[in-house]
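Protein chains in written order, with our numbering: chain A, 1 to 367; chain B, 368 to 727.
This report refers to the structure that appears directly beneath it.
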């Protein structure tokens with residue numbers, strides 16, 4: 001990737017300062033409008049949830065709308081609300097219910113564990129192969145620099161399974177199973193994590209697959225199936241949005257060496273080049289939790305996501321100024337590109353990568 | 368408790384509304400509906416003191432949700448309000464009305480503290496209908512269940528509020544014993560509850576009310592003055608609440624012959640961390656360390672020159688949450704200790720027990 005680092009250290013510093021200026025400007029402007037927006041989304045989410053649960057009482061005609069409403073509720077809960085609140089985007093409001101330390105989402109993955117693997121590991125070490133476990137999630141080969149072995153022949157199958165059971169995959173992510181297999185982590189070390197996972201998963205399973213179905217009496221099997229489908233819809237949608245964030249063609253990955261002693265400007269630079277956006281309607285942005293603005297999210301992970309469209313204008317202008325790529329495209333294009341990558345990387349790379357290019361960018365992100 | 372609230376608080380409803388909890392759904396329909404949390408609506412504001420050029424004092428009447436468990440006279444409550452700019456702030460305020468039963472209205476009397484965003488907002492800007500978020504009533508500065516034959520209140524300035532709550536409760540209970548009420552205010556026009564106290568003084572309840580105004584020639588507190596009013600005051604159950612100056616003048620008068628458990632004191636401050644001194648408190652990130660004084664970790668970190676993030680400083684807002692990497696901490700609000708490694712703690716209400724390390 002080193003061939004894409006084309007800023008001098010001075011330019012990199014200036015670029016970082018411009019990003020910092022955007023962050024300061026938005027942070028100083030946060031207020032009633034942001035709070036009102038989040039509360040409005042919450043209202044809709046709760047509304048869809050209650051409507052979804054209630055519509056299961058209408059046999060036959062109610063089932064499809066029930067599943068649709070519940071799916072929308074789970075998507076809003078996990079993405080525009082949960083993901084963003086747990087990033088601390090609304091901590092400044094001082095409302096304990098909307099605080100990243102307190103919030104938990106309608107998902108089997110315990111919020112506190114996700115915050116570690118996602119907020120800390122992924123957002124700090126974004127796209128550094130060997131450090132960011134979101135590069136392939138420990139089960140997929142999503143980068144040429146991940147050494148091929150025959151296990152990866154199953155890449156498309158693993159991706160399909162991860163999509164289907166995405167919330168469970170997200171839950172298990174923190175166990176770092178591949179590290180256990182490799183002998184770098186013991187099973188016993190994961191005891192506390194497993195306790196948290198079991199407790200949370202139990203609550204979610206009891207709610208969706210026992211209590212709510214039971215409340216609909218003879219319609220138990222239909223409600224159970226409906227809840228399962230809603231969870232599945234959320235899984236598929238979240239997987240697709242998230243895979244468009246870092247895996248479309250043109251997104252850069254980095255080596256551990258070239259990010260050593262990285263400066264603040266270098267960090268911003270890596271976030272920008274390591275992420276991709278999805279263009280689309282306002283509704284698409286809300287339903288994706290504004291992760292359709294993955295670039296802006298990675299530059300400013302704790303700024304309320306509703307600000308990303310506004311920030312994007314400035315970021316694009318800065319990209320033009322420094323002649324940097326700004327990876328964006330409609331959902332079908334980004335998804336198609338991810339699909340091709342999943343299939344292509346199932347096979348060994350045709351060209352053998354030499355160790356040489358790394359040297360050019362070895363200290364490029366450092367001062 | 369009604370059937371509906373029993374149901375809403377049940378484990379089944381908890382499981383159905385997991386992980387958010389039933390209150391997150393109820394509040395959307397009506398902010399005054401709650402199963403666990405306590406909220407209240409501001410229903411009345413009366414100015415008690417309004418001296419031009421000085422911070423006004425007002426009594427605010429609140430209608431709480433039916434989750435309010437009531438209060439004992441003298442207790443305080445943690446009150447949070449969304450200030451303009453959608454920033455919620457929390458402060459402690461003493462309840463000034465007589466004891467309340469579950470779900471019953473109560474009043475809070477507060478001065479619009481020039482440095483206090485919350486009190487200024489509530490006294491000067493809040494509109495009727497404003498919703499506030501509350502804790503349950505807390506504090507041990509209360510009347511005992513069996514009221515002694517003679518009770519003495521010594522208060523200064525807005526320290527009158529807990530004593531007023533006690534006095535009003537005693538009047539309501541038609542207390543037969545002796546009550547002496549000694550209050551210091553700067554002048555008559557600075558006097559909170561002036562009309563009510565004058566009325567009590569002259570109403571023939573037999574309550575001995577002394578209102579002293581040092582700016583208008585009244586004498587500041589002295590043991591001698593108190594002895595004139597209550598000759599055996601050291602043997603009388605006394606509730607003292609006021610600014611530090613008054614407390615520092617009164618305490619020695621009672622403790623001339625050693626500690627005196629007849630005197631109960633409350634400052635105008637949230638509960639202070641009081642842990643056990645000993646061991647070392649280390650700050651992992653900065654590499655600093657300090658001898659554990661028993662104060663809260665937040666206070667000790669600040670004393671060591673660090674500037675951790677904080678909010679309410681009383682364990683409500685979670686603004687100061689920090690990872691404790693090693694050692695045992697004691698929650699000074701509940702007294703619970705915890706030794707889990709890598710635990711998130713509120714450093715404003717946690718004090719170390721022995722050696723302890725935090726990620727600061």
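For glycine and all other residues, C-beta sits at the position ideal for the given N, C-alpha and C.
{"query": "Own chain residues within Cβ distance below 6 Å of residue 326 (chain A), not counting five before or after", "result": "316 and 319"}
{"query": "Reference residue 451 (chain B); option with closest CA among A:88, A:35, A:112 and A:22", "result": "A:35"}
{"query": "Beta-ladder partner(s) of residue 230 (chain A), from DSSP", "result": "DSSP output for residue 230 (chain A) lists no bridge partner at all."}
{"query": "Spatially closest choice to residue 293 (chain A) from A:302, A:276 and A:211, by CA coordinates", "result": "A:276"}
{"query": "Contacts of residue 395 (chain B) in chain A (Cβ-Cβ under 7 Å)", "result": "43 and 46"}
{"query": "Sequence-distant residues of its chain with Cβ nearer than 6 Å to residue 620 (chain B) (five each side left out)", "result": "590"}
{"query": "Contacting residues, own chain, Cβ-Cβ under 7 Å from residue 265 (chain A) (five flanking each side not counted)", "result": "12, 13, 15 and 16"}
{"query": "Min CB distance residue 133 (chain A) to chain B below 8 Å", "result": "no"}
{"query": "Contiguous alpha helix (DSSP H) assignments of at least 4 residues, all confined to the stretch 665–703 of chain B", "result": "none"}
{"query": "Sheet register partners of residue 604 (chain B) (DSSP bridge)", "result": "B:518"}
{"query": "Where residue 356 (chain A) falls: helix, strand or coil (DSSP)", "result": "Low per-residue confidence applies at residue 356 (chain A): pLDDT is 39, beneath 50, and the placement is therefore not dependable, though the value from the model is reported in the following sentence. If DSSP states are grouped into helix, strand and coil, residue 356 (chain A) belongs with coil."}
{"query": "CB contact below 8 Å: residue 505 (chain B) versus chain A", "result": "no"}
{"query": "Rounded straight-line distance, which links the Cα of residue 572 (chain B) to that of residue 565 (chain B)", "result": "12 Å"}
{"query": "C-beta neighbour in chain A for residue 377 (chain B), strict 8 Å", "result": "no"}
{"query": "Three-state class that DSSP yields for residue 638 (chain B) in the structure shown", "result": "Caution applies to residue 638 (chain B), whose pLDDT of 45 falls short of 50 and renders its modelled position unreliable; the value that the coordinates give is listed next. In this structure, residue 638 (chain B) counts as coil in the three-state DSSP scheme."}
{"query": "Under 8 Å between C-beta atoms of residue 104 (chain A) and residue 111 (chain A)", "result": "yes"}
{"query": "Cβ of residue 168 (chain A) within 8 Å of any chain B Cβ", "result": "no"}
{"query": "Any C-beta of chain B under 8 Å from that of residue 339 (chain A)", "result": "no"}
{"query": "Min CB distance residue 99 (chain A) to chain B below 8 Å", "result": "yes"}
{"query": "Bridge partner(s) assigned by DSSP for residue 426 (chain B)", "result": "B:413 and B:476"}
{"query": "Cβ of residue 272 (chain A) within 8 Å of any chain B Cβ", "result": "no"}
{"query": "Beta-carbon separation (whole angstroms), residue 332 (chain A) vs residue 126 (chain A), contact threshold 8 Å", "result": "Residue 332 (chain A) to residue 126 (chain A), Cβ: 25 Å. No contact."}
{"query": "Boundaries of the alpha helix (DSSP H) in which residue 450 (chain B) is found, first to last residue", "result": "Run containing residue 450 (chain B): none in the alpha helix (DSSP H); it sits in the beta strand (DSSP E), 443–450."}
{"query": "Residue 429 (chain A) burial status per 10 Å Cβ neighbour count (16 or more: buried)", "result": "Chain A is shown from 1 up to 367; residue 429 (chain A) falls before or after that span and cannot be answered."}
{"query": "Contact set between residue 489 (chain B) and chain A, taken where Cβ atoms lie within less than 9 Å", "result": "Under the 9 Å cutoff, chain A gives no residues; its nearest Cβ is about 16 Å from residue 489 (chain B)."}
{"query": "Chain B within 8 Å of residue 213 (chain A), Cβ atoms only", "result": "no"}
{"query": "Cβ-heavy atom distance, residue 406 (chain B) to the ligand PLP, below 7 Å", "result": "Within the structure as shown, the ligand PLP is missing, as the structure has no ligands at all."}
{"query": "Bridge-paired residues (DSSP) for residue 723 (chain B)", "result": "B:648 and B:694"}
{"query": "Proximity of residue 168 (chain A) and residue 108 (chain A) at Cβ, strictly below 8 Å", "result": "yes"}
{"query": "Distance, residue 208 (chain A) Cα to residue 495 (chain B) Cα", "result": "41 Å"}
{"query": "Interface residues of chain B facing residue 191 (chain A) [CB-CB closer than 8 Å]", "result": "None at all; the shortest Cβ gap to chain B is about 13 Å."}
{"query": "Sequence-distant residues of the same chain with beta carbon closer than 6 Å to residue 668 (chain B), five excluded per side", "result": "675 and 727"}
{"query": "Any chain B beta carbon closer than 8 Å to residue 19 (chain A)", "result": "no"}
{"query": "Touch test, the stretch 36–56 of chain A against the stretch 71–91 of chain A, Cβ-Cβ under 8 Å, three pairs minimum", "result": "yes"}
{"query": "C-beta contact flag for residue 553 (chain B) and residue 581 (chain B) at 8 Å", "result": "yes"}
{"query": "Residue range of the alpha helix (DSSP H) that includes residue 314 (chain A)", "result": "308–322"}
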